[in-house]
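In this note's numbering, the protein residues as written are 31 to 121.
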């Protein structure tokens, strides 16, 4: 079942399935975050200040509102399940 980056606990890992809308998709695609990218939650800032993540080895921070709009799977796509057939923007 898909979850969002916001739903994940610190230290947990997932893979990007799709983005909830074109605005977040355009921004993240321009930064190299693609469907299938590995995401690990590093830590959460207090008072909903943001989520620190590592995406394919690159550290970044995003607002909680953005983290709620990125759908992930916890199934590793390298092992035959996960992102195949998904589009980068939910329709």
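Glycine is no exception: its CB is placed at the ideal position from the N, C-alpha and C atoms.
| said: Checking 8 Å against the spacing of the C-beta atoms, do residue 45 and residue 75 come in under that value? | reply: Not in contact: residue 45 and residue 75 (Cβ atoms no closer than 8 Å).
| task | Output the residue ranges of the alpha helix (DSSP H) runs that lie fully inside the region 31 to 102 and measure 4 residues or longer, sorted by chain position. | result | The region 31 to 102 contains these whole alpha helix (DSSP H) runs: 52 to 60, 94 to 97.
| When we look at the beta-carbon of residue 35 and count the other beta-carbons within 10 Å, is it buried (16 or more) or exposed? | Buried: at least 16 other Cβ atoms inside 10 Å.
| message | Quick check: what's the CA-CA separation for residue 90 versus residue 100? | response | A direct Cα-to-Cα measurement between residue 90 and residue 100 gives close to 14 Å.
| Leaving out five residues before and five after residue 82 in sequence, what residues of the same chain have Cβ atoms less than 6 Å from its Cβ? | Around residue 82: 72, 73, 91.
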